[in-house]
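Structure first, then comments.
2 protein chains.
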Amino acid sequence: MTYSELSNLIFEKKSYLCVGLDTDPRKLPRHLLTEPDPVFAFNKAIIDATADLAVAYKPNIAFYEAQGPRGWESLQKTLDYIPANCFTIADAKRGDIGNTSDLYARTFFDPTAAGLSFDSVTVAPYMGRDSVLPFLAYEGKWIILLALTSNSGSADFQRQQVGDQELFEMVIDTAHTWAGPDKLMFVVGATQADELSRIREIAPDNFLLVPGVGAQGGSLEEVSRRGLTASGGLLVNASRSILYASDGIDFADRARIEAKALQEEMAKHLANITKF
Amino acid sequence: MTYSELSNLIFEKKSYLCVGLDTDPRKLPRHLLTEPDPVFAFNKAIIDATADLAVAYKPNIAFYEAQGPRGWESLQKTLDYIPANCFTIADAKRGDIGNTSDLYARTFFDPTAAGLSFDSVTVAPYMGRDSVLPFLAYEGKWIILLALTSNSGSADFQRQQVGDQELFEMVIDTAHTWAGPDKLMFVVGATQADELSRIREIAPDNFLLVPGVGAQGGSLEEVSRRGLTASGGLLVNASRSILYASDGIDFADRARIEAKALQEEMAKHLANITKF
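Those sequence lines, one after another, are chains A and B.
Under my numbering, the first sequence has 76 at position 76, and the numbering climbs by one with no breaks.
Under my numbering, the second sequence has 467 at position 191, and the numbering climbs by one with no breaks.
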């Protein structure tokens, strides 16, 4: 998916909602447990209930990996089921020396490898340039680099002063030399809204993937005010608040209600934006 | 495996060799391709040929993940096959917010999750304390935190000045507040030998996992001189130089010759050490 296709999708759907598929087999509604693949059955119902409201889906790879081989099968089926008019994110936070990052890139981008072809993958920056470049070699694919994350531990290293910047700002500046905004997004936690304006100054054109609205306590209003651009420029993720709105047979309906409330607020914020 | 068990193993086997199982299906000897699981058949032969010479095995998870579900099956079989007197490392470089790191920890440590029970996992520090703590909750298990990696990109962020330290030194100092040397190792690239002495000053008791000898050009002599301690204190990894010493039917014999050469040099360096 190209930059302008993603931007168009946001204004067409009046949404920058990303639904995080952090599907935990221990939290599934009981009636799904007799399905041949309960994780996929759950994801399918969530996708059916939200596909017109969301512009992106983000399976959190840890949840699938923790199920061993059958988790990877659920992931493949889930990815295949996501409609073409939704951007897909492998939330994997990978990063290793070049020859190994090359394999991680194949895993998530090359369907002949692990049967997966995501639009994007989240990447950790600690190992630097040659750990990131292999992910950029795939045409039409994106990387989403960790910059300032939503968790409390983000203070430990990301917020440290390096010269006249904090480390996360240096990561953003450095990454600009690796790829343009047509292939490069950044992760910025919604719990870090104070810094979002500063990040928009140094990353005016990049899409930002913003987790932390909902269960983690970030404010959609503040994130939108500081982060929206003429291209949209945001993918705001909600996972638990949508997925686990109910653990009964009404889980998909309740998920839709949660997603709809977020989408309707997003539509209002987008109405204030003049599309590029 | 405990700290003293690992230390004893090193002096008993006169080796601190870690064999990196970066098993690439595209590089397997041809005669293995008719096996039901060529990757496992290769690993089994490599383990048989080196188990008396190595104290640790380190499957590089990217290589298995890139094969999809069947790669995870090869990984399970490989881990089950590694003898009990060898330390096992999941080289996964994971790290995410707490509830997600918890799942990654389950993946590699809890055999009821993905069928895997490694002794240790490599972890990326960028997301800080709460991204690392879930891995420390497992008794008898270790984390191996990225500090100063072997690749050129290590200069981008790890070598940046943060106050009166470089970032990798701050990572080491900070991590000391999370766990003791009985559960915490650091990754230090062999290509960074100049810094090894400095790292030994701030991490005198921690085991260091040192990749980069062999294909990446690091010197075993220099690493040993600067890194060995009275407990051994080193796990020096070699992957490609052992695994792909030959691509013929003699691959396991040739792997043994490469491993034996490293082990014999290690035995000499250990002879200069008074065991704690």
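From the three backbone atoms N, C-alpha and C, an ideal C-beta is built for every residue, glycine too.
With 16 other Cβ atoms within 10 Å as the buried cut-off, status of residue i
i                      : result
residue 349 of chain B : buried
residue 106 of chain A : buried
residue 551 of chain B : exposed
residue 83 of chain A  : exposed
residue 30 of chain A  : exposed
residue 212 of chain A : buried
residue 432 of chain B : buried
residue 436 of chain B : buried
residue 335 of chain B : buried
residue 253 of chain A : exposed
residue 217 of chain A : exposed
residue 308 of chain A : Nothing in the structure corresponds to residue 308 of chain A, since chain A is present only between 1 and 276.
residue 309 of chain B : exposed
residue 477 of chain B : exposed
For residue i, the nearest candidate out of the options (CA to CA)
i                      : options                       : result
residue 368 of chain B : B:398, B:326 and B:381        : B:398
residue 264 of chain A : A:14, A:216 and A:6           : A:14
residue 271 of chain A : A:36, A:229, A:120 and A:119  : A:229
residue 167 of chain A : B:440, B:434 and B:449        : B:434
residue 269 of chain A : A:248, A:227 and A:259        : A:227
residue 251 of chain A : A:43, A:4 and A:36            : A:43
residue 404 of chain B : B:513, B:327 and B:448        : B:448
residue 5 of chain A   : A:37, A:267 and A:231         : A:231
residue 189 of chain A : A:180, A:236 and A:177        : A:236
residue 378 of chain B : B:472, B:412 and B:496        : B:412
residue 371 of chain B : B:401, B:316, B:471 and B:336 : B:401
residue 467 of chain B : B:498, B:426, B:321 and B:327 : B:426
residue 474 of chain B : B:423, B:415 and B:286        : B:423
residue 152 of chain A : B:334, B:373, B:436 and B:388 : B:373
residue 207 of chain A : A:99, A:120 and A:110         : A:120
residue 132 of chain A : A:116, A:162, A:174 and A:164 : A:174
residue 233 of chain A : A:21, A:205, A:240 and A:177  : A:205
N- and C-terminal bounds of the beta strand (DSSP E) containing residue i
i                      : result
residue 367 of chain B : 363-370
residue 265 of chain B : There is simply no residue 265 of chain B to check, as chain B begins at 277 and stops at 552 in what is shown.
residue 19 of chain A  : 17-21
residue 552 of chain B : Note, residue 552 of chain B: premise wrong, no beta strand (DSSP E); not H, not E.
residue 461 of chain B : 460-464
Contact with chain D by residue i, beta-carbon distance below 8 Å
i                      : result
residue 373 of chain B : Among the protein chains in the structure shown, which are A and B, there is no chain D.
Heavy atom of the ligand MN within 7 Å of residue i beta-carbon
i                      : result
residue 401 of chain B : By its list of ligands, the structure shown contains no ligand whatsoever, and the ligand MN lies outside what it can speak to.
Element boundaries [alpha helix (DSSP H), containing residue i]
i                      : result
residue 331 of chain B : Careful: residue 331 of chain B lies outside any alpha helix (DSSP H) and carries neither H nor E.
residue 246 of chain A : It is not in any alpha helix (DSSP H) - residue 246 of chain A carries neither H nor E in the DSSP assignment.
residue 5 of chain A   : 3-13
residue 406 of chain B : 405-408
Chain A contacts from the region 403-434 of chain B (Cβ-Cβ distance under 9 Å): Taking 9 Å as the Cβ-Cβ cut-off against chain A, the residues of the region 403-434 of chain B that qualify are 403, 404, 405, 406, 407, 408, 409, 422, 425, 426, 427, 428, 429, 430, 431, 432, 433 and 434.
Members of the region 447-478 of chain B that neighbour chain A once the beta carbon cut-off is set at 8 Å: Per Cβ criterion, the list reads 447 and 450.
The region 54-74 of chain A: positions lying closer than 8 Å to chain B by Cβ: Taking a C-beta cut-off of 8 Å against chain B, the contacting residues of the region 54-74 of chain A are 60, 62, 63, 65, 66, 67, 68, 69, 70, 71, 72 and 73, listed in chain order.
Alpha helix (DSSP H) runs contained entirely in the region 333-398 of chain B, provided each spans 4 or more residues: Counting whole runs of 4 or more residues, the region 333-398 of chain B contains the alpha helix (DSSP H) stretches 337-341, 345-357 and 374-385.
Uninterrupted alpha helix (DSSP H) stretches inside the region 410-455 of chain B (no shorter than 4 residues): Fully enclosed alpha helix (DSSP H) runs of 4 or longer: 443-452.
Near-chain A residues of the region 517-539 of chain B (beta-carbon distance less than 8 Å), N- to C-terminal order: Answer in chain order: no residues at all.
In chain order, each alpha helix (DSSP H) run of at least 4 residues that lies wholly inside the region 466-515 of chain B: Whole alpha helix (DSSP H) segments, 4+ residues: 469-478 and 496-503.
Interface residues of the region 381-398 of chain B facing chain A [CB-CB below 7 Å]: Taking 7 Å as the Cβ-Cβ cut-off against chain A, the residues of the region 381-398 of chain B that qualify are 382, 383, 389, 390 and 391.
Residues of the region 489-518 of chain B whose Cβ lies closer than 7 Å to any Cβ of chain A, in chain order: If the cut-off is 7 Å between Cβ atoms, the region 489-518 of chain B has nothing near chain A.
Short-range partners of chain B found in the region 23-46 of chain A, where Cβ spacing is below 7 Å: For chain B, none of the residues of the region 23-46 of chain A brings a beta carbon within less than 7 Å of one of its beta carbons.
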